[in-house]
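Top to bottom, those sequences are chains E and F. Here the first sequence stands for residues 2 to 197, where the numbers follow this note's numbering. Here the second sequence stands for residues 2 to 197, where the numbers follow this note's numbering. Ideal Cβ positions, reconstructed from N, Cα and C, are used throughout, including at glycine.
There are 2 protein chains.
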Amino acid sequence: MIEPRKHPRQDRSRAKVHGILAAAADLCSGRGLEALTTNAVAARAGVSIGSLYQYFPGKHALLAALIRAERANLLEAVERIVSSDAANDLTRLVDELIEATVAHYLARPALSRTLNLARTQLPPDPEAAEFSARITVLIAARLDELKISRPETTAQDILAILRGMIDAATEAQEADRGALTDRTRRAVFGYLHAAA
Amino acid sequence: MIEPRKHPRQDRSRAKVHGILAAAADLCSGRGLEALTTNAVAARAGVSIGSLYQYFPGKHALLAALIRAERANLLEAVERIVSSDAANDLTRLVDELIEATVAHYLARPALSRTLNLARTQLPPDPEAAEFSARITVLIAARLDELKISRPETTAQDILAILRGMIDAATEAQEADRGALTDRTRRAVFGYLHAAA
DNA sequence: GTCTATACATAGATAGAC
DNA sequence: GTCTATCTATGTATAGAC
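Structure representation (C-alpha cells):
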C-alpha cells in the first residue's frame, strides 16, 4: 500500500528555508555583513546555489527575511508580556519588558547589531516596519492604561534606551548580564519618573 | 626670484587626502557601506585609483580613517566642555554634553550610523578605541569631582543612552531636534537621579 | 525541484608609462 | 607622484541537464 506521508513537500521546503536562514544568521553573526554572500550561505546550508535562488531572489531578500524574523521574535515576546497580568502594574510591566529585551538582544548580540544597522542601509521593508510599529503600539496601549502621558513616545524612548545600553555593553564585551539589567532598570525607571 | 611657497608638497598632499576622505564620507553617508568602493571614492574625489592607493592601502584603511576622524571630532567637543567652567556644575555639564552629542550625531546622521556599523565589522582599531576611551575618561573625571558614584560606568551609560535615543530618532526620521534634546535630557537626568 | 556549470559584472589591487 | 590600463578574484545570477 501507498505510504501516507504528511505534506512531504511543504515539510522539506520549510526545513530547507529554515536551514538557509540559519546559515545566513550564522554568517552574519560571525563575520558580519561582508560574509553574507549567496555562495557562502548556500554552502553552509548544504544546498546548492541554484536551490537558494529558488527560495530567495537574492542577497537582499535573505537579509530582509532575517530582519523580519528578528522583529517578529521580539514582537512575540512583547505580546506575551502585555497579555499577562504583569501588564497591570507599571513596575512589573517595565521589568518584564527589560528582561525580555535584554534576553532578546543578548541571545545573539552580534546578529542583532548587524541586522539593526543593516536595516538602515537597505531599502525600507514595510513588513519589518509593521512589526516594529506593532511592538511600540502594544507597549503604548498599556502605558496609556497606566496613565503614562504620551505613551507612544514613551514606549519608543524606552526601547531606544534599552537598545543603546545593550549595544554599548555588547561592544564593550561586558559579561555581567545582571549588572547590565540593573543599570537598564535604573535608566528606564529614571526616565519614567523624571518630570516630563 | 624664486617664489617662496609654504610646504607645497605637504599642502597638496593634505588637500588630496582630505578630498579623498570627504568623498568617502559622502558615499558612506549617501548609499551606505556598499557604495564605499575604492573606484567610486577615487572618481568622486577626482583622483585616479592609483593615487588613492598611494595614500590609503585599501578600502579598510579608508574606513578606519573615517572612524578615527569621527571619534576625534567628538573627543574634541568633549574636551572643550570639560575644560570650560560648565564642568563645575552637574546640570550644566550634562546639558552641554547632551547638546554636543546631539549636534555631533545629527550633523551627518547617516554617516554616523554607517560608521557605527562598520566599526563592529572591522578588525578593531586601537587608535579609534583609544579616542573612545579618552572621551569616557574625560567625562568620568568630571563626574568623579562632582561626587557621582561609579563615574566611569555612569559616563559610559550616559553616552549609550544618548546614542540609542539619537539613533532611534534618526531612524524614525524625527525632525524636531528640540523635542529630541528635551527627551534625552529627561532620560539622562532621570538616570542620574535614580537610586543607583 | 535540485544540481552543475558558467556567464556576467564589478571590486580590489598592481604594473608600468609619463 | 600621478595616471592609464589591466589583472585577478569574487560575487550575483541564470541556463540547462537530470
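| Could you give the residue range of the alpha helix (DSSP H) that holds F/Glu35? | Translated into positions along the second sequence, residue 35 of chain F becomes position 34. That residue, F/Glu35, is in no alpha helix (DSSP H); it is neither H nor E in DSSP.
| request: For E/Asn89, count neighbouring C-beta atoms within 10 Å of its own C-beta (all shown protein chains included) and say buried if the count is 16 or more, exposed if not. | output: For this step, residue 89 of chain E is matched to residue 88 along the first sequence. Burial call: exposed.
| Nearest-angstrom beta carbon gap, E/Thr102 and E/Leu147 [assumed within contact, 8 Å] | On the first sequence, position 146 is the one that residue 147 of chain E refers to. On the first sequence, position 101 is the one that residue 102 of chain E refers to. Not really, about 18 Å apart at Cβ, beyond 8 Å.
| task | Throw me the rounded Cβ distance for the E/Ala142 and E/Met166 pair, which I believe falls under 8 Å. | result | On the first sequence, position 141 is the one that residue 142 of chain E refers to. On the first sequence, position 165 is the one that residue 166 of chain E refers to. Contact doesn't hold; Cβ gap of about 24 Å is too wide.
| field | Helix, strand or coil at E/Ala101 according to DSSP, with G and I counted as helix | value | Translated into positions along the first sequence, residue 101 of chain E becomes position 100. DSSP places E/Ala101 in helix when its eight states are reduced to three.
| request: Under 8 Å by Cβ, that's how I've got F/Thr121 and E/Glu172 pegged, so tell me the actual separation to the nearest angstrom. | output: Here residue 121 of chain F refers to the residue found at position 120 of the second sequence. Here residue 172 of chain E refers to the residue found at position 171 of the first sequence. Going by Cβ atoms, the distance from F/Thr121 to E/Glu172 rounds to 7 Å, so yes, they are a contact pair.
| field | Three-state class that DSSP yields for F/Lys60 in the structure shown | value | Numbered from 1 along the second sequence, position 59 holds the residue referred to as residue 60 of chain F. Three-state result, F/Lys60: helix.
| If you measure from the beta carbon of E/Gly165 to each beta carbon in chain F, is any gap under 8 Å? | For the purposes of this step, residue 165 of chain E is identified with residue 164 of the first sequence, where counting begins at 1. So, interface residue.
| task | List the endpoints of the continuous alpha helix (DSSP H) containing F/Ile167. | result | What you label residue 167 of chain F is simply residue 166 of the second sequence in a count that begins at 1. First-last of the alpha helix (DSSP H) with F/Ile167: Pro152 to Glu172.
| task | Report buried or exposed for F/Asp168, applying the criterion of at least 16 other Cβ atoms within 10 angstroms of its Cβ. | result | Translated into positions along the second sequence, residue 168 of chain F becomes position 167. So F/Asp168 counts as buried.
| task | Just the C-alpha distance for E/Thr185 and F/Ala111, rounded to the nearest angstrom, thanks. | result | Position 184 of the first sequence holds residue 185 of chain E. Position 110 of the second sequence holds residue 111 of chain F. Approximately 26 Å, taken between the alpha carbons.
| said: Please identify the residue among E/Gly191, E/Asp183, E/Ala170 and E/Asp158 whose C-alpha is closest to the C-alpha of F/Ala180. | reply: Taking the second sequence and counting its residues from 1, one reaches residue 180 of chain F at position 179. The option with the nearest alpha carbon to F/Ala180 is E/Asp158.
| query | Mind pulling the chain F residues with CB within less than 8 Å of E/Phe132? | reply | Taking the first residue of the first sequence as 1, we reach residue 132 of chain E at position 131. Those within 8 Å of E/Phe132 in chain F number zero; the least Cβ separation is about 14 Å.
| message | Assuming contact is defined by CB atoms lying nearer than 8 Å, are E/Phe57 and E/Ala70 in contact in what I supplied? | response | For the purposes of this step, residue 57 of chain E is taken as the residue at position 56 of the first sequence. For the purposes of this step, residue 70 of chain E is taken as the residue at position 69 of the first sequence. It is not a contact, given that the beta carbons lie outside the stated cut-off.
| query | Can you list, in chain order, the residues of the stretch 43-65 of chain E whose Cβ is nearer than 9 Å to any Cβ on chain F? | reply | none
| query | Between the stretch 120-146 of chain E and chain F, which residues of the former have a C-beta closer than 8 Å to a C-beta of the latter? | reply | Arg120, Thr121 and Gln122
| message | I believe E/Ile68 touches E/Asp126 by the beta-carbon criterion, under 8 Å. Please report the beta-carbon distance rounded to the nearest angstrom. | response | For the purposes of this step, residue 68 of chain E is identified with residue 67 of the first sequence, where counting begins at 1. For the purposes of this step, residue 126 of chain E is identified with residue 125 of the first sequence, where counting begins at 1. Correct: roughly 7 Å between the Cβ atoms.
| What are the boundary residues of the alpha helix (DSSP H) that includes E/Ile140? | Within the first sequence, numbered from 1, the residue matching residue 140 of chain E stands at position 139. Unbroken alpha helix (DSSP H) run through E/Ile140: Pro127 to Glu146.
| query | Smallest Cα separation from E/Gly31: which of E/Thr115, E/Ala156 and E/Asn40? | reply | Within the first sequence, numbered from 1, the residue matching residue 31 of chain E stands at position 30. The option with the nearest alpha carbon to E/Gly31 is E/Thr115.
| query | Would you call E/Ala161 buried or exposed, if buried means 16 or more other Cβ atoms sit within 10 Å of its Cβ? | reply | If you number the first sequence from 1, residue 161 of chain E lands on position 160. Buried, by the Cβ-count rule.
| Where E/Ser49 falls: helix, strand or coil (DSSP) | Walking along the first sequence from the start, residue 49 of chain E turns up at place 48. In this structure, E/Ser49 counts as coil in the three-state DSSP scheme.
| query | In chain order, what residues of the same chain lie with their CB nearer than 7 Å to the CB of F/Ala78, ignoring the 5 residues before and after it? | reply | Sequence index remark: in the second sequence, residue 78 of chain F carries index 77 (1-based). These residues qualify, in order along the chain: Ala101 and His105.
| query | So what does DSSP say about F/Glu71, is it helix, strand or coil? | reply | If you number the second sequence from 1, residue 71 of chain F lands on position 70. The answer is helix: DSSP assigns F/Glu71 an H, G or I state.
| Distance, E/Ser49 Cα to F/Leu22 Cα | The count along the second sequence starts at 1 and reaches residue 22 of chain F at position 21. The count along the first sequence starts at 1 and reaches residue 49 of chain E at position 48. If you take the alpha carbons of F/Leu22 and E/Ser49, they lie about 40 Å apart.
| request: Give every residue of the same chain whose Cβ lies closer than 8 Å to the Cβ of E/Pro124, excluding the five residues on either side of it in the sequence, and list them in chain order. | output: For this step, residue 124 of chain E is matched to residue 123 along the first sequence. Same-chain partners within the cutoff: His61.
| said: Looking only at its chain, what residues have a beta carbon closer than 6 Å to the beta carbon of F/Ala46, apart from the 5 residues adjacent to it on each side? | reply: Position 45 of the second sequence, counted from the start, is the residue given in the question as residue 46 of chain F. Once the five neighbours on either side are set aside, the close Cβ partners of F/Ala46 are Gly20, Ile21 and Ala24.
| Distance, Cα to Cα, E/Leu221 vs E/Ala119? | Outside the displayed range of chain E (2 to 197) lies residue 221 of chain E, so it cannot be described from this structure.
| For F/Tyr192 versus E/Tyr192, is the C-beta spacing smaller than 8 Å? | Walking along the second sequence from the start, residue 192 of chain F turns up at place 191. Walking along the first sequence from the start, residue 192 of chain E turns up at place 191. For F/Tyr192 and E/Tyr192, yes; Cβs fall inside 8 Å.
| query | Nearest chain F C-beta to E/Glu153 closer than 8 Å, yes or no? | reply | Residue mapping note: residue 153 of chain E aligns to position 152 of the first sequence, counting from 1. Answer no: the Cβ-Cβ gap between E/Glu153 and chain F never drops below 8 Å.
| message | Quick check on the DSSP output: the alpha helix (DSSP H) that includes F/Asn117 runs from which residue to which? | response | What you label residue 117 of chain F is simply residue 116 of the second sequence in a count that begins at 1. That run of the alpha helix (DSSP H) goes Pro110 to Gln122.
| task | Could you tell me whether any Cβ in chain F is nearer than 8 Å to the Cβ of E/Ile162? | result | Position 161 of the first sequence, counted from the first residue, corresponds to residue 162 of chain E. True, the Cβ-Cβ gap to chain F drops below 8 Å.
| Got a sec: is the Cβ-Cβ distance from E/Asp168 to anything in chain F below 8 Å? | Taking the first sequence and counting its residues from 1, one reaches residue 168 of chain E at position 167. Taking Cβ atoms only, chain F reaches closer than 8 Å to E/Asp168, which makes this a yes.
| query | Straight-line CA distance for E/Ile99 to F/Thr38? | reply | One-based indexing of the first sequence puts residue 99 of chain E at position 98. One-based indexing of the second sequence puts residue 38 of chain F at position 37. Distance between the alpha carbons of E/Ile99 and F/Thr38: 40 Å.
| request: Under 8 Å Cβ to Cβ from E/Arg72, same chain only, skipping five residues before and after it: list those, please. | output: Here residue 72 of chain E refers to the residue found at position 71 when the first sequence is read from its first residue. For E/Arg72, where only same-chain residues beyond five positions count, the Cβ hits under 8 Å are Ala129, Phe132, Ser133 and Ile136.
| said: Looking at E/Phe190: is its Cβ nearer than 8 Å to the Cβ of E/Val42? | reply: To locate residue 190 of chain E, count along the first sequence from 1; it is residue 189. To locate residue 42 of chain E, count along the first sequence from 1; it is residue 41. No. Outside cutoff.
| said: If contacts are defined as beta-carbon pairs under 8 Å, then E/Leu107 and E/Arg178 qualify, I think. What distance do you get, rounded to the angstrom? | reply: Position 106 of the first sequence, counted from the start, is the residue given in the question as residue 107 of chain E. Position 177 of the first sequence, counted from the start, is the residue given in the question as residue 178 of chain E. The pair is a contact, with the Cβ atoms about 6 Å apart (cut-off 8 Å).
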